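Just so you know, we're using this note's numbering here: the sequence shown kicks off at 25 and counts up by one.
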Amino acid sequence: MAKMEKKKLGEILVEKEVITSAQLTQALAEQKRTGERLGRVLVNLGFITERELIKFLGAQMEIPFINLDNYLIDPQIIDLVPQSLAKRYILIPVFKSEDTLTLAMADPLNVFAIDDLQARTKCKVAPAVAAEADILKAIDQYYGISESMEEVIKEASEEKFKVVEVEEVDLDKVETLAEEMPIIKLVNLVIMQAIKDRASDIHIEPERDKLRTRYRIDGILYEVPSPPKRLQPAIISRIKIMAGMDIAEKRLPQDGRIRLRMRNKDIDLRVATLPTMFGEKVVLRILERAAMIVDLDKLGLFPDTRKKYEEIIVRPYGIVLSTGPTGCGKSSTLYASLNRIKSTKMNIITIEDPIEYQISLVNQVQINPKAGLTFANGLRSFLRQDPDIIMVGEIRDLETAEIAVHASLTGHLVLSTLHTNDAPTAFTRLVDMGVEPFLVSSSVTAVMAQRLVRTICPKCKEEYHPPKEVLEELGLSKEKGLKFYKGKGCRNCKNTGYFGRTGIFELLIPNEKIKDMVVRKTPATEIRKEALRAGMMSLREEGVFKIKKGITSVEEILRVTQEEEFKITA
């Protein structure tokens, strides 16, 4: 059966004029002598390159091609196939979807291998094709990757790794070590564990006598087991090689990007290095391309707030601002907004720094200051592109602000962000930048401030009674019959009591009085008083609503919100 399949492959190659009949005859004779696979024989004889063979299989036989360099394979998936079988058949499991296991195979027509793997894994096998050299490299790299950090570090503790000193680094030697399997395993393990732990960032921080590693999970940094200090140069160099950075440049900050696939998901890692006293610090921002494009319904908006916001973003003009500190979910809100209003009948253009996620039906532009493409001049050129909706990643300066205001007043909907603590301050921030108050008043149709709060872990959620002074601070001490919850801490949430995050929001839609206050340069505190009188729900009030729903804890709302400077009196 296997010979028929292999002969069939050869015949198809001849039929498609990839090789000649004479070359096939010679290859079959060589195969009979050596016992190697026909594809390998053809490559060894120089009749076809391995890349050409892979492309042929993919195009002609509808077998997908997998570039293993772009994948991070979960150790649990690796465990499904014994190493002996992976080496015998030259294959490696890549990901599993429900009951289907995708295998990267050097010979995806080997029905014996497919039947064997289906019987052993109890899964349907979906064959894909990859370069044999890449598969063999991945087998060496991944089998054993499920080892603990301590085991991988022990493997990297051979004599050749002990001579590396941070202060006196031989560049050629460090580059060589960075490509050694123990270092590759170590870096892969750090990245994979962060993704499995739902981390948004990985911090690798050099100190005098240690290399600290921390993951940011649900907005909070947690320290994790770290490699020894002596491996610092090789680890940093490995990450810089993966991100396409200059490993020789250690005196200046650098930015790079790594694109990977793990669990059949596209993952981008934005990498930034920073020279410090004890070596280069590296931060890797983990961006799962599909995760950010969420629906407005899933952001956590209070139902009435969501209804009002949706009414605003379908208007044909005006500026809608999302405000808050770094990491509060502003980008998620902008993407969700665009995802809700995009249409084949609209021309939507964005200018971002950087483009974090791709959205269909949206023309996305990455700023490039070195080439002269800034938010301001990019936005100016957009107006000649006949846009309906423009999204500006951030309003940072007067020039960008003025162009955004001009665009909104000439019949465009503009979405953007500002770094302010609350919604009312957005008006005064624009005025402080130098925008005329009457233009701010006329153009800004809504400001939505937001924060992200951690949600209680559903696996260890339990009822409890918060201290009286905490309830008094939130105005809940006199309410009867309320139940309060917190997470006890379990394996699911890594003993934090929280799992995941949701948003709290305050939406300010200026009425005529507020617009007049903006024109008169009224302080933000007074604008806030009027907004609350007019019915704006504050961040803390929406947080209290989520406490009552059992979504988050009183401590979490106190952590991310401040006491209101103004209380509405009856």
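Idealized CB from N, CA, C, for every residue including glycine.
The structure presented is a predicted model; accordingly, all values stated were derived computationally and were not measured.
For D225, the beta-bridge partners assigned by DSSP are R240 and R309. In the three-state reduction of the DSSP assignment, S45 falls in the helix class.
When C-alpha distances from P132 are compared across V149, F119 and S121, the shortest belongs to V149.
The distance from the Cβ of V344 to that of F451 is about 13 Å, inconsistent with a contact at the 8 Å cut-off.
With a 10 Å radius around the Cβ and a threshold of 16 neighbouring Cβ atoms, T585 comes out buried.
When rounded, the separation of the alpha-carbon atoms in I391 and A400 is 10 Å. One thing to note: M266 has its Cβ no nearer than 8 Å to the Cβ of Q278.
Taking the Cβ atoms as the reference, Y239 lies roughly 5 Å from A218, within the contact range of under 8 Å. Annotated three-state conformation of K512 is coil, per DSSP.
Under the criterion of beta carbons closer than 8 Å, I159 and A128 qualify as touching, at roughly 6 Å. Counted as a single uninterrupted DSSP element, the alpha helix (DSSP H) harbouring Y333 occupies residues P327 to I337. Here F119 is buried. Its C-beta has 16 or more other C-beta atoms within 10 Å.
With 16 or more other Cβ atoms from the protein chains shown falling within 10 Å of its own Cβ, L325 counts as buried. For the pair T546 and F462, the Cα-to-Cα distance works out to about 12 Å.
Its Cα nearest to that of A155, the residue L81 stands out among K572, L81, R294 and E503. Nearest in C-alpha terms to A272, of all of S261, R281 and G280, is S261. Following the DSSP letters along the chain, one finds M216 inside the alpha helix (DSSP H) bounded by residues M205 to K220. For the 8 Å CB-CB criterion, I215 and I259 do not form a contact.
For T357, the secondary structure class from DSSP, reduced to helix, strand or coil, is helix. Per DSSP, the unbroken beta strand (DSSP E) holding D290 starts and ends at K289 to T300. Each residue's CA atom was taken as its position, placing V306 and I87 some 38 Å apart. K366 sits close to L385, with the two beta carbons spaced by under 8 Å. For the 8 Å CB-CB criterion, L104 and T145 form a contact. For the region 82-149, the full-length beta strand (DSSP E) segments reaching 3 residues or more read 115-121 and 124-129 along the chain. Each residue's CA atom was taken as its position, placing R61 and V67 some 10 Å apart. Nearest C-alpha to S440 among G402, C481, I375 and K502: I375.
Residue burial is scored here from C-beta neighbours: D98 has at least 16 other C-beta atoms within 10 angstroms and is therefore classed as buried. Spatial neighbours of F302 in its own chain (CB-CB distance under 6 Å, excluding positions within 5 residues in sequence) are listed in chain order as P230, E231 and R232. In this structure, L323 keeps its C-beta atom at 8 Å or more from the C-beta atom of I310. Setting aside the 5 residues that flank it on each side, G348 is surrounded in the same chain by K354, A473, Q474 and R475, each with a C-beta closer than 7 Å to its C-beta; the list follows chain order. Excluding the 5 residues flanking it on each side, R525 has same chain C-beta neighbours closer than 7 Å at D242, G243, L476, V477, R478 and T479, in chain order. Counting other Cβ atoms within 10 Å of its Cβ, L141 reaches 16 or more and is therefore classed as buried. Relative to the Cα of P491, the nearest Cα in the group L582, E39 and I372 belongs to L582. In this structure, DSSP gives Q256 a helical state, which the three-state scheme calls helix. S250 has no beta-bridge partner at all, per DSSP.
Here I372 really is in contact with I413; their C-beta atoms are around 4 Å apart, less than 8 Å.
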